[in-house]
Amino acid sequence: MAQKYDVTLNLPKTDFPMRAGLPKREPEMLKHWEELDIYNEMLKKNEGKPLFNLHDGPPFSNGNIHMGHALNKALKDFITRSYAMRGYYTPYIPGWDNHGMPIESAIIKEQKLNHKAMSVADFRSACEAYAEKYIGIQMQGFKRMGVIGDWEHPYKTMDKGFEADEVRVFGKMYANGHIYKGLKPVYWCAHDETALAEAEIEYHDDPCTTVYVKFPMNDDLGKLSHLDLSKLKFVIWTTTIWTLPGNLAIALHPYESYAIVKPDYSDELFIMAEALTEKVMGIGGYTSYKILEVHPGSFFENMLADHPFLPKTSRLLLADYVTMDSGTGCVHTAPGFGAEDYLTCKSYGMDMVVPVDDQGRHTDYAGKYAGMQTEESNPIILNDMKEAGSLFASEEIVHSYPHCWRCKHPIIFRATPQWFCSVDGFKEEAVKACDDVRWLPAWGKERLGAMIRERADWCISRQRRWGLPIPVFYCSDCGKPVCTEESIESVASIFEERGSNAWFELEAEELLPKAFVCPHCGGVHFTKETDTLDGWFDSGSTHFCAMKRDQGFWPSTMYIEGGDQYRGWFQSSLLVAVGALGMGSPYKECLTHGWTVDGEGKAMHKSLGNGVDPSEIIAEFGADLIRLWAGSADYHVDVRCSKEIFKQLSQNYLKFRNTARYCLGNLDGFDADKLVKPEEMAELDKLGNHPPERTHREGRQRHTTTTSTM
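Quick note on my numbering: the sequence shown kicks off at 396 and runs consecutively.
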């Protein structure tokens, strides 16, 4: 009978399986953790100890989770758990952003809603139900990843209490003098018919026709009477042909030299910057020309030129921002379409003209182009200028142009009455607050500080239905806006009880305190503002509305989001904290991670078919592989993910398991409370019980003694 040698060996023994079977076993483990109430037990263990509060940046509740969500939530879970293990009290309250265009766009597209035919109340109810649905879907996805948090009490920007507190935040900022209504150019999405903030803009390369246009001299103020004025023309340059109907002026630099140029084979006379003459004349096809005379830009101030195709004039103005880097040095100025144009014309006391409507169509002001979409009018205007002889030259180029982050359509610059937050009123305080933050990476401090220094006023109004109403009333008697401490608290109290739908269900007098009178004229009749607040104001208020300073969670210990949030959440949170609360940064540390990209480092898009769905990864490999992927990557830069990468990680994971299995197997029968005494050890065990360094030293001493006695 053959001897079974395995019974003579002390082999490792363990019930720890060689294969993980994560897709099947993880749900059982998660259920067990939930039954144990791991999150609250973790808090109890460290109750009364130092606080570490990682404030959750709210994702939009408008779709399934993606790999960017997975990376972000995994990192937050690692950080929170590591601090809990180090003895910190670590509340983690997940949250969601619910208002605004992302929800509206998604529900209109998915449910084919004719939102314009619906009542405001019905549409808002549909948006709320849609947002709630995806909160549940995303929550289950995050819980399936093993993320521990207070899932029973998440914060939502559409909750009644949150909305009430946000109204109070708005009231504080208004009372501080930082909020005003004005007519000025803003980013405008004609597709979604709403204003946009800087954080809602993406830049993409677009082909376009750039044009050099001749504006004939109308009134030279008697300064150029020695020339034939009928031949004299200013040459401007623009990449947006559709803005030409809105031209009111031509801006020159006051101190740069401007040349009057005569081509050898033409009787026309052109005015352009001397520094750009050679380049511009070459583009126009003029190889031979003479510069007749040169004058500083200030020489031409307040002259008038004729518009190239509309019966009106264009005024010559001076502006320091005119550069000699491109164009002609004569800058086409349409105050209804550009911030600098607006400020320049305003400084000269000129009237505002906005010849494009909410849908991006030319108004009657544009003459024959009225009713046309801006893009539609481009080739028609170009052809008309060619036929009229007012086109100096044209070129086909590709330029970087702003697009709406949600619908991906090109935006326009359009002057409309909007509510703004005047950042200039507290800009320096906001920049200074960055000094008190630990930035990871360190360059984050300078990046955010530079963005705040250079930013324009924050456009906080949106022409949407699904959002927090701007809590401002208008006096029917004097027409002035009304927002007082009493009106704010009245609206907040009603929202606390009924939610923000009350704004659309009640009359103005029902929302205001009893016997309320206009602080400007004593009037008693009011109307309500119809615009809603920018979603970034919602998310920028979460540190106050969700953390609650009176609960000891303000400021947050850490914010951690992707690098795009320097323009978004990092910045809006800081501006709200300083502008409304008059306090410093709402976070002590600000950590940035990269984007998730495909295996080749390219951005993932559905249209390219290179996206990776977390649910598919979990179904095939398990959620622990997503956590391993997040934990093993250098998250400071873009993180690659693909099926091939996860297959390779699964092999590494198997090695980890088998190593752990071997270690556990060797501990079979070990009882730390019943250790074998040295005198009871077998001779072989005694040999292994000596510290290696001591055994080596003693051996060397014995060798030395033997040698010396020989």
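Ideal Cβ positions, reconstructed from N, Cα and C, are used throughout, including at glycine.
Within the region 991-1060, the complete alpha helix (DSSP H) segments of 4 residues or longer fall at 1009-1015, 1018-1027, listed in chain order. Looking from the CA of residue 1044, the closest CA among 1077, 882, 683, 1028 belongs to 1028.
Contact annotation: residue 929 and residue 561 have beta-carbon atoms that are not nearer than 8 Å. Ranked by how close their Cα comes to the Cα of residue 445, the residues 952, 831, 576 have 952 in first place. The region 1005-1014 makes no contact with the region 594-609; the number of CB pairs closer than 8 Å stays below 3. The region 836-854 makes contact with the region 958-976: 3 or more CB pairs, one atom from each, lie closer than 8 Å.
Nearest C-alpha to residue 1065 among 399, 1024, 405: 405. By the beta-carbon neighbour count (other beta carbons within 10 angstroms, threshold 16), residue 1022 is buried. The three-state reading of DSSP puts residue 458 in coil, since its state is none of H, G, I, E or B. When rounded, the separation of the alpha-carbon atoms in residue 740 and residue 566 is 32 Å. At the C-beta level, residue 751 and residue 807 come within 8 Å of one another. Secondary structure of residue 726 (DSSP, three-state): strand. Distance from the Cα of residue 493 is smallest, within the candidate group 731, 586, 452, for 452.
When DSSP assignments are scanned along the region 665-739, the uninterrupted stretches of alpha helix (DSSP H) that are 4 or more residues long and fall wholly within it turn out to be 672-678. For residue 994, the closest of 557, 1036, 872 by C-alpha to C-alpha distance is 1036. Exposed is the label assigned to residue 1051, since fewer than 16 other Cβ atoms lie within 10 Å of its Cβ.
Bridge pairing for residue 612: 700 [DSSP].
By the Cβ-count criterion, residue 481 is exposed, with fewer than 16 other Cβ atoms from all chains shown falling within 10 Å of its own Cβ. Ranked by how close their Cα comes to the Cα of residue 609, the residues 648, 594, 783, 447 have 783 in first place. By the beta-carbon neighbour count (other beta carbons within 10 angstroms, threshold 16), residue 595 is buried.
When the beta-carbon positions are compared, residue 663 and residue 628 come within less than 8 Å of each other.
The alpha-carbon of residue 881 is positioned some 44 Å away from that of residue 728. Of the other Cβ atoms in all chains shown, fewer than 16 fall within 10 Å of the Cβ of residue 509; this residue is therefore exposed. Rounded to the nearest whole angstrom, the C-alpha separation of residue 709 and residue 658 is 24 Å. Of all C-beta pairs linking the region 541-548 to the region 467-481, three or more are shorter than 8 Å, placing the two stretches in contact. DSSP links residue 962 through a beta bridge to no other residue. DSSP places residue 420 within a helical segment (H, G or I) once states are collapsed to three.
Looking only at 564, 472, 521, the smallest Cα-Cα distance to residue 935 is reached by 564. Partner residues in the beta bridge of residue 652, as assigned by DSSP, are 691.
Contact check for residue 409 against residue 1056 passes: the beta carbons are separated by less than 8 Å. Under the three-state reduction of DSSP, residue 815 is assigned to strand. Contact between the region 629-648 and the region 753-763 is present: three or more C-beta pairs spanning the two stretches fall below 8 Å. The region 862-874 and the region 582-594 do not touch, with fewer than 3 CB-CB distances between them shorter than 8 Å. Straight across, the Cα-Cα distance linking residue 900 with residue 649 is about 55 Å. Shown here, residue 830 sits in a helix according to DSSP, grouped into three states. Here residue 915 really is in contact with residue 875; their C-beta atoms are around 5 Å apart, less than 8 Å.
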